[in-house]
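A.B. asks: One structure coming up, written as structure tokens, with questions to follow.
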Amino acid sequence: MTADVAVIGAGPAGIAAATRAAQAGMRVVLLDESPRAGGQIWRHRTTAGLPKMARQWIARLAQSGAIVAASTAVVDAARDAEGFVITCERDGQALTVRAASIILATGARERFLPFPGWTLPGVIGVGAGQALLKAGTSFRGKRVVISGSGPLIMPVAAALSHGGARVLFVAEQAARSTVMPFVLGLMTRPLMMVQAAAYRAAFMRTPYRFGSWVCAARGDGHVEEVDITNGHVTTTIACDVLCAAFGLLPNTELARLLGCAVAYGSHVIDETQRTTQDGIYSAGESTGVGGVDLALVEGEIAGLSAAGKDARAYFRRRDALCALSRSMERAFAPRAEVLALARSDTIVCRCEDVALGSIRREWTPRQAKLYTRAGMGACQGRVCGAALELIYGWPPDTVRLPAEPALFSTLIANSATADVPLGQGD
Amino acid sequence: MNTADVTITIDGRAVTVVRGISVAAALINDGMHTFRSSVTATSRGPLCGMGVCYECRLEIDEVAHRRACLVTVTDGQRINTGQRPRQ
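For the protein sequence lines, the chains are A and B, in the order given. Just remember that this note's numbering sits 177 ahead of the position in the first sequence, which is counted from 1. Numbering follows this note's numbering, in which position 14 of the second sequence is assigned residue number 2; successive positions increment by one, without gaps.
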């Protein structure tokens, strides 16, 4: 498949980018590993339940002429003399996309931090609760405790309550005093305040506590109870599901594989959304977590820029939303206590079952891999690597192909098309 | 069963589920918590729900390591968690 612009990630940023680039006359392909375009926030089985804004953008995308390749995981991306070669896997088949430019809209994942009992089935992320619900999981009658950080908690608690869950307790790890500047900043955005109030109304009877976090989960083969603490008092709550995550984290693996600079965990971009590599743009949460409105406007700018069009009309809106996003980041930074929940026998690397006590602070991520296999499993360190960056202050490890676990047949197809054959890259 | 449903087999057992849901949702709705055993034989189920953590990986239609959260159920789909003997 050949395109002028390949957009990787079909959340709001990717949808907006693909739409604007296609409307500007580019041949666009939009790649996403999920079965449908929409990303996490607009994940859906039927568009009926989606907000109006989402339905509008999905309709615009459909009319734009952009080709949507869903259930398509990007395994490798590399530059050659003619542009970029993107190796994908779809339904066990290799798919190669050639493109003159790339827009990375790889979004964010949840930041997980280890605590005793976090590997028990039934302990899931906060966004994970919403993702599983939207994918058809029933939470009806289930007792749910939420321990998280940031505005994402609100729609998740509301959605689970609407879905029939009994949300027993919501813990926000950030202190009220650090969140207040962000809340005051929202005063200039009454629509956001109204939305937050509507979410809160959906779980009105549930306690929502600042400066609280989960410190342990217990159960026999499945979570049965959790400990919630505020640093002074610890309370045990019986539950069926614990949603625990500590904010969002941009996905930077593909960008790093392509040599794009990453700073403070996000893609480095200029005002046109261009990364530090020619022909590669980035939009949405991958440039810093800022929510759907910022993702959309960044996507529009990236799509226009990749098509060689002037996007200056959009800059002001983006820059205002960016300021809000930075304020949010400060408000919900993980507190020191949540970085110290894991004990020496708590598993940190869930793929290879490596306990914190086996991994020495003075090592590099590479040493941890060589000595303990931490970070070498199927998730390729996406969970434990991010945790160890905070717990031990480690730098991110290098990224290598394949960016996702892939079939050998896919890697062979890759070696037949890419300029660096497999086995000669090192 | 109506046209809105599909039948899948989970560890050899036929289960009727709503069309369009994910394999992860189908298993959880069927009361299953354990999707795989870890390398030290502890139980694991979905963590991220969005394809990042690989904790929900299992065998679907004889392909190993498929992420249950990213695959939609289809009629006749065969899912093996390795947790119960195959039939």
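Glycine included, every Cβ here is placed at the ideal spot set by N, Cα and C. These figures come from a predicted structure and were not determined experimentally.
Quick one: Cα of Val403 (chain A) to Cα of Val206 (chain A), how far?
C.D. replies: Taking the first sequence and counting its residues from 1, one reaches residue 403 (chain A) at position 226. Taking the first sequence and counting its residues from 1, one reaches residue 206 (chain A) at position 29. Roughly 45 Å between the two C-alpha positions.
A.B. asks: Starting from Glu581 (chain A), trace the beta strand (DSSP E) in both directions and tell me its first and last residue.
C.D. replies: Within the first sequence, residue 581 (chain A) is the residue found at index 404, counting from 1. Here Glu581 (chain A) belongs to no beta strand (DSSP E), and DSSP marks it neither H nor E.
A.B. asks: If you follow the alpha helix (DSSP H) that Tyr548 (chain A) is part of, which residue opens it and which one closes it?
C.D. replies: As a first step, residue 548 (chain A) must be located in the first sequence, where it is residue number 371. Run containing Tyr548 (chain A): 542 to 549, per the alpha helix (DSSP H) assignment.
A.B. asks: Using the rule of at least 16 other Cβ atoms within 10 Å of the residue's Cβ for burial, across every protein chain shown, is Glu43 (chain B) buried or exposed?
C.D. replies: Counted from its first residue, the second sequence places residue 43 (chain B) at position 55. Glu43 (chain B) comes out buried.
A.B. asks: Could you check if Asp301 (chain A) is buried or exposed, using at least 16 other CB atoms within 10 Å of its CB as the buried criterion?
C.D. replies: Counting from one through the first sequence, the residue named residue 301 (chain A) turns up at place 124. Before going further, note that residue 301 (chain A) is Ile rather than Asp in the sequence given. Buried is the call here.
A.B. asks: Do you know how far the Cα of Met230 (chain A) is from the Cα of Leu309 (chain A)?
C.D. replies: The residue given as residue 309 (chain A) occupies position 132 in the first sequence. The residue given as residue 230 (chain A) occupies position 53 in the first sequence. Rounded to whole angstroms, Leu309 (chain A) to Met230 (chain A) spans 22 Å at the Cα level.
A.B. asks: Given a limit of 8 Å on CB to CB distance, which residues of the stretch 197 to 217 of chain A reach chain B?
C.D. replies: Answer set for the stretch 197 to 217 of chain A: Glu210, Ser211, Pro212, Gln217.
A.B. asks: Examine chain B for any beta-carbon lying closer than 8 Å to the beta-carbon of Gly313 (chain A), and answer yes or no.
C.D. replies: By one-based count along the first sequence, residue 313 (chain A) stands at place 136. Closer than 8 Å to some Cβ of chain B, the Cβ of Gly313 (chain A) qualifies, so yes.
A.B. asks: In this structure, does DSSP put Asp181 (chain A) in helix, strand or coil?
C.D. replies: Position 4 of the first sequence holds residue 181 (chain A). Strand, per DSSP.
A.B. asks: For a minimum of 3 consecutive residues, which ranges assigned as the beta strand (DSSP E) are wholly contained in the stretch 254 to 293 of chain A?
C.D. replies: The stretch 254 to 293 of chain A contains these whole beta strand (DSSP E) runs: 260 to 267, 270 to 281, 285 to 287.
A.B. asks: Between Ala201 (chain A) and Ala484 (chain A), is the Cβ-Cβ spacing less than 8 Å?
C.D. replies: Residue numbering aside, residue 201 (chain A) sits at position 24 when the first sequence is read from its first letter. Residue numbering aside, residue 484 (chain A) sits at position 307 when the first sequence is read from its first letter. In this structure, Ala484 (chain A) lies closer than 8 Å to Ala201 (chain A) by Cβ.
A.B. asks: How big is the Cα-Cα spacing for Thr249 (chain A) and Pro298 (chain A)?
C.D. replies: The residue labelled residue 249 (chain A) in the question sits at position 72 within the first sequence. The residue labelled residue 298 (chain A) in the question sits at position 121 within the first sequence. Rounded to whole angstroms, Thr249 (chain A) to Pro298 (chain A) spans 27 Å at the Cα level.
A.B. asks: Identify the residues that DSSP records as bridge partners of Trp390 (chain A): which are they?
C.D. replies: The residue you call residue 390 (chain A) lines up with position 213 of the first sequence. BP columns for Trp390 (chain A) point to A:Thr406.
A.B. asks: Using alpha carbons as the reference points, say which of A:Phe585, A:Ala555, A:Arg275 lies closest to Val40 (chain B).
C.D. replies: Start at 1 with the first residue of the second sequence, and residue 40 (chain B) comes out as number 52. The shortest Cα separation from Val40 (chain B) among A:Phe585, A:Ala555, A:Arg275 belongs to A:Ala555.
A.B. asks: Nearest to Gly269 (chain A) by alpha carbon, out of B:Ala52, B:Thr62, B:Thr22, B:Gln65?
C.D. replies: Start at 1 with the first residue of the first sequence, and residue 269 (chain A) comes out as number 92. Closest by alpha carbon: B:Ala52.
A.B. asks: Any Cβ of chain A within less than 8 Å of the Cβ of Asn68 (chain B)?
C.D. replies: Against the second sequence, residue 68 (chain B) aligns to sequence position 80. No, Asn68 (chain B) lies away from the interface with chain A (no Cβ there is under 8 Å from its Cβ).
A.B. asks: Could you give the DSSP three-state label for Pro367 (chain A): helix, strand or coil?
C.D. replies: Locating residue 367 (chain A) in the first sequence gives position 190, counting from the first residue. Reduced to three states, the DSSP call for Pro367 (chain A) is helix.
A.B. asks: Report back the beta-carbon spacing between Ala195 (chain A) and Leu227 (chain A) to the nearest angstrom; my notes put them in contact at under 8 Å.
C.D. replies: Taking the first residue of the first sequence as position 1, residue 195 (chain A) is located at position 18. Taking the first residue of the first sequence as position 1, residue 227 (chain A) is located at position 50. That belief does not hold up - the Cβ atoms of Ala195 (chain A) and Leu227 (chain A) are roughly 17 Å apart, past 8 Å.
A.B. asks: Would you verify that the beta carbon of Glu47 (chain B) is, or is not, closer than 8 Å to some beta carbon of chain A?
C.D. replies: Position 59 of the second sequence holds residue 47 (chain B). Cβ-Cβ to chain A under 8 Å: no for Glu47 (chain B).
A.B. asks: So the candidates are A:Ala271, A:Arg451, A:Met357; which of them puts its Cα closest to the Cα of Ala583 (chain A)?
C.D. replies: Translated into the one-based positions of the first sequence, residue 583 (chain A) becomes position 406. Nearest of A:Ala271, A:Arg451, A:Met357 to Ala583 (chain A), Cα basis: A:Ala271.
A.B. asks: Could you tell me which residues DSSP puts in a beta bridge with Arg591 (chain A)?
C.D. replies: Position 414 of the first sequence, counted from the start, is the residue given in the question as residue 591 (chain A). With the sequence shown as reference, residue 591 (chain A) is identified as Asn, and Arg is not the correct amino acid for it. Answer is none; Asn591 (chain A) lacks a bridge partner.
A.B. asks: Shortest alpha-carbon distance to Ala519 (chain A) belongs to which of A:Pro293, A:Leu565, A:Val347?
C.D. replies: As a position in the first sequence, residue 519 (chain A) is number 342, starting the count at 1. Per the Cα distances, A:Pro293.
A.B. asks: Under the three-state reduction of DSSP, which class applies to Ser326 (chain A): helix, strand or coil?
C.D. replies: Numbered from 1 along the first sequence, position 149 holds the residue referred to as residue 326 (chain A). Ser326 (chain A): coil per DSSP, three-state reduction.
A.B. asks: Go through its chain and collect everything with a Cβ distance to Gly465 (chain A)'s Cβ below 7 Å, but skip five positions before and after it.
C.D. replies: Residue numbering aside, residue 465 (chain A) sits at position 288 when the first sequence is read from its first letter. These residues qualify, in order along the chain: Pro427, Ser443, Ser502.
A.B. asks: With the cut-off set at 8 Å, would you say Phe289 (chain A) and Met505 (chain A) are in Cβ contact?
C.D. replies: Stepping through the first sequence from its first residue, residue 289 (chain A) is reached at position 112. Stepping through the first sequence from its first residue, residue 505 (chain A) is reached at position 328. Not a contact, by the Cβ cut-off of 8 Å.
A.B. asks: Below 7 Å on C-beta distance, what does Ile301 (chain A) contact in chain B?
C.D. replies: On the first sequence, residue 301 (chain A) is found 124 positions in, with the first residue counted as 1. Within chain B, the residues near Ile301 (chain A) are Pro34, Leu35, Gly37.
A.B. asks: Whole angstroms are fine: how far does the CA of Gly318 (chain A) sit from the CA of Glu539 (chain A)?
C.D. replies: Against the first sequence, residue 539 (chain A) aligns to sequence position 362. Against the first sequence, residue 318 (chain A) aligns to sequence position 141. Approximately 46 Å, taken between the alpha carbons.
A.B. asks: Please state whether DSSP places Ile218 (chain A) in a helix, a strand or coil.
C.D. replies: If you number the first sequence from 1, residue 218 (chain A) lands on position 41. Coil.
A.B. asks: Check the DSSP bridge columns for Ser459 (chain A) and list the partner residues they point to.
C.D. replies: Counted from its first residue, the first sequence places residue 459 (chain A) at position 282. Per DSSP, A:Leu281.
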